[in-house]
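In what follows, a single structure is set out as structure tokens and then discussed.
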Amino acid sequence: MADANHKARPPVTERCVTIQESWRYQKPARLPFHMRKEPATFPWMKLSGRWIETAGFETGQRVRITVEHQRLIITPL
Numbered sequence: 001m002a003d004a005n006h007k008a009r010p011p012v013t014e015r016c017v018t019i020q021e022s023w024r025y026q027k028p029a030r031l032p033f034h035m036r037k038e039p040a041t042f043p044w045m046k047l048s049g050r051w052i053e054t055a056g057f058e059t060g061q062r063v064r065i066t067v068e069h070q071r072l073i074i075t076p077l
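Have a look at this one:
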């Protein structure tokens, strides 16, 4: 039997992640050193957790990511 004083938590509607940085190295290592480019960096983030399922998404489901200035919108296909 459930505890009479137990209340369901309200759904969390905001999540915070930190944008990470990774290096992308230029592929041709056979180039002379003076012709090689500096490695480029690119931002990335990882989204994971039960909250994605709670939001209505399923494992293996394809999604569309709409990119706007400082905003990403994820919708199911």
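Per full-length UniProt numbering, the sequence shown runs over residues 1 to 77.
Note that beta-carbon positions come from the ideal geometry of N, C-alpha and C, so glycine has one too.
As the structure is a computational prediction, the values presented were derived from the model and not from experiment.
Looking at the C-beta of residue i, does it have a partner C-beta in chain B at a distance below 8 Å?
| i | result |
| --- | --- |
| V63 | Here there is only one protein chain, and chain B is not present. |
Thinking C-beta only, is residue j closer than 8 Å to residue i?
| i | j | result |
| --- | --- | --- |
| W51 | V17 | no |
| T54 | R64 | no |
| E21 | T41 | yes |
| P62 | L77 | It is worth fixing the name first, because residue 62 is Arg in this sequence and not Pro. Their beta carbons are under 8 Å apart, which means R62 touches L77 by this criterion. |
DSSP puts residue i in a beta bridge; with which residues?
| i | result |
| --- | --- |
| W51 | Paired residues: none, contrary to the question. |
| R24 | A40 |
State the start and end residues of the unbroken beta strand (DSSP E) segment that holds residue i.
| i | result |
| --- | --- |
| E68 | 63–68 |
| L72 | 71–76 |
With contact counted as at least three CB pairs below 8 Å, one residue from each stretch, are the region 33–44 and the region 57–71 in contact? Touching, no.
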